[in-house]
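Take the sequence shown: its letters are residues -19 to -1, 1 to 295, numbered as in mature numbering (1 follows the signal peptide of the UniProt record, and there is no 0). Glycine included, C-beta positions come from ideal geometry on N, C-alpha and C.
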Amino acid sequence: MKIIVILPFFCIILPLVFGDLKVGFYESSCPEAESIVKKAVQNRFNRDKTITAALLRLHFHDCAVRGCDASILINSTTSNTAEKDSGTNDDVRGFDLIDKVKESLESACPSTVSCADIITLATRSAVALSGGPKYEVPTGRRDGLVSDVREVNIPGPTSPVSIISEFFNRNLGLTTQEMVTLFGAHTVGVAHCSFFADRLSTPDPTMDPALNTKLVKLCSSRDDDPSTPLDQNTSLLVDNKFYQQILAKKGVLQIDQQLALDKGTKGFVTDFASNGAKFQKSFANAMVKMGSVDVLVGSQGEIRKKCSVFNTRN
Ligand code: HEM
Ligand SMILES: *[C@@H]1O[C@H](CO)[C@@H](O)[C@H](O)[C@H]1NC(C)=O
Ligand SMILES: *[C@@H]1O[C@H](CO)[C@@H](O)[C@H](O)[C@H]1NC(C)=O
């Protein structure tokens, strides 16, 4: 993705990468940045393999509102209800890890590494640890100055494929194929009954009957709101099994199942289900592209000192 522009008279070589993001942005300003993030993610991963799912969802929910600007990390105050407190973000996890990494980075290189880049780098490291692709991500994002719960408009799992596609195309500048690729993130993590209970009461004919029986039992247990893996086969691995599962009618969320049935998406699903290497490569590319949505760069925004609060300005 590197375009070298050579201006003949001045012999200036200008690598243009993803707008103003570039791989190795902190190479001189904070050479340890990427390894500090990686080490912290590794430590957490050793104790909790579900951190990968947490970070993938956190990253998406950040980028899907005002671009990847760490707006999701801001705590609400008496005068501002932030994105974090949207119902859509109820089960989003991983904030504590990001806050902790930020603390380490502030002691290594104060006011240098953005929270938006920490989310991106941490997700990249977690994906690699879970058997997913190892890829480079461009950095140089800045942190946003706004986080408003009213701006969280991510469609829900019972929305039709057409609505979700439109959201990806129009709001995020991502193609339908990239959308199907990113849904591959549902290869890890869980969904709570409240998100798919409507498929159970009157059995959804697009769901495998054995899975239906299993989920009916799970969701009628006394637990508050139990959860089940989105990928019923290998829920801790970033692999292409999710696509095989939805082709076998074992999608848990309605939207996941519909991806395998919709005319505009099922071709991509079939392709990824049969070609794990292609999925891995496409997933890395799509993650880099998602991570570049509407980023703040240069002197825009700020570099927060704490990821959960804006810097105080005078
Ligand atoms: C508009 C499109 C999407 C919808 C409607 C959607 C919906 C959902 C729902 C309902 C859950 C269950 C949450 C819970 O019960 O805790 C979930 C979980 C998850 N989603 Fe999505 N999702 C979408 C796109 C994405 C994308 C693009 C990614 C990442 C690239 C992603 C990554 C995840 C992950 C990893 C989990 C598991 C989280 C965990 O275990 O904590 N999703 N999603
Ligand atoms: C933001 O909220 C979280 C969770 O409630 C809390 O742990 C954290 O300390 C808060 N951040 C600040 C800077 O107060
Ligand atoms: C996952 O799928 C494979 C076949 O693709 C099967 O052999 C294996 O038993 C499945 N594992 C689980 C936990 O469902």
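(message) For Pro12 and Ile79, what's the separation of their Cα atoms in angstroms?
(response) Taking the first residue of the sequence shown as 1, we reach residue 12 at position 31. Taking the first residue of the sequence shown as 1, we reach residue 79 at position 98. As the crow flies, the alpha-carbon of Pro12 is around 19 Å from that of Ile79.
(request) May I ask you to report which of helix, strand or coil DSSP gives Lys287? (result) The count along the sequence shown starts at 1 and reaches residue 287 at position 306. Secondary structure at Lys287: strand, using DSSP grouped into helix, strand and coil.
(request) Count the other C-beta atoms from every protein chain shown that fall within 10 angstroms of the C-beta of Glu159, then say buried if there are 16 or more, exposed otherwise. (result) Residue 159 sits at position 178 when you count from the first residue of the sequence shown. Burial is judged here by how many other beta carbons sit within 10 angstroms of a residue's own beta carbon; Glu159 has at least 16 and is buried.
(message) Taking 7 Å as the cut-off, is the beta-carbon of Pro136 closer than that to any non-hydrogen atom of ligand 1?
(response) On the sequence shown, position 155 is the one that residue 136 refers to. It does: the Cβ of Pro136 is within 7 Å (strictly closer) of some heavy atom of ligand 1.
(message) Let me check you understand the geometry: is the CB of Gln213 closer than 7 Å to at least one non-hydrogen atom of ligand 3?
(response) In the sequence shown, counting from the first residue as 1, residue 213 sits at position 232. Judged by the Cβ position, Gln213 qualifies as a neighbour of ligand 3 at the 7 Å threshold, a heavy atom of the ligand being closer than this.
(message) Can you check which of these residues, Leu126, Asn292, Gln238 and Thr246, is closest to Pro138 by C-alpha distance?
(response) Counting from 1 along the sequence shown, the entry for residue 138 is found at position 157. Here the closest residue by C-alpha is Gln238.
(message) With a threshold of 8 Å, are at least 3 pairs of Cβ atoms found where one atom belongs to the region 67 to 74 and the other to the region 126 to 141?
(response) The region 67 to 74 is in contact with the region 126 to 141.
(request) Give the DSSP-derived three-state secondary structure of Leu37 in the structure shown. (result) On the sequence shown, residue 37 is found 56 positions in, with the first residue counted as 1. Here DSSP, grouped into helix, strand and coil, assigns Leu37 to helix.
(request) Quick one: residues with CB closer than 5 Å to any heavy atom of ligand 2, in chain order, please. (result) The set of residues with a C-beta under 5 Å from any non-hydrogen atom of ligand 2 comprises Asn56, Lys287, Ser289 and Val290, given in chain order.
(message) Using a 10 Å radius around the Cβ and a threshold of 16 neighbouring Cβ atoms, would you call Gly279 buried or exposed?
(response) Taking the first residue of the sequence shown as position 1, residue 279 is located at position 298. By the neighbour-count criterion, in which 16 or more other beta carbons inside 10 Å mark a residue as buried, Gly279 falls on the exposed side.
(request) Could you check the C-alpha separation between Phe(-10) and Leu2 for me, to the nearest Å? (result) The residue you call residue -10 lines up with position 10 of the sequence shown. The residue you call residue 2 lines up with position 21 of the sequence shown. With a pLDDT of 46 at Phe(-10), under the threshold of 50, the predicted position of this residue should be treated as unreliable, and no value is reported.
(request) Compute every distance between the C-beta of Phe41 and the non-hydrogen atoms of ligand 1, then say whether any falls below 7 Å. (result) In the sequence shown, residue 41 corresponds to position 60, counting from 1. Under cutoff, so the answer is yes.
(message) As a quick exercise: from Ala21, Val46, Thr168 and Gly48, pick the residue whose alpha carbon is nearest that of Glu84.
(response) Taking the first residue of the sequence shown as 1, we reach residue 84 at position 103. Nearest C-alpha to Glu84: Ala21.
(request) Decide yes or no for the touch test of the region 189 to 197 against the region 226 to 236: beta carbon pairs closer than 8 Å, at least 3 of them. (result) The region 189 to 197, when compared against the region 226 to 236, does touch it at the 8 Å Cβ threshold.
(request) For the region 238 to 253 and the region 98 to 105, state whether three or more C-beta atom pairs, one from each stretch, are separated by less than 8 Å. (result) No contact exists between the region 238 to 253 and the region 98 to 105.
(message) For Ser224 and His167, I'd like the C-alpha separation in whole angstroms.
(response) Stepping through the sequence shown from its first residue, residue 224 is reached at position 243. Stepping through the sequence shown from its first residue, residue 167 is reached at position 186. Contrary to the premise, residue 224 reads as Tyr rather than Ser in this sequence. Using only the alpha carbons, I get a separation of about 9 Å.
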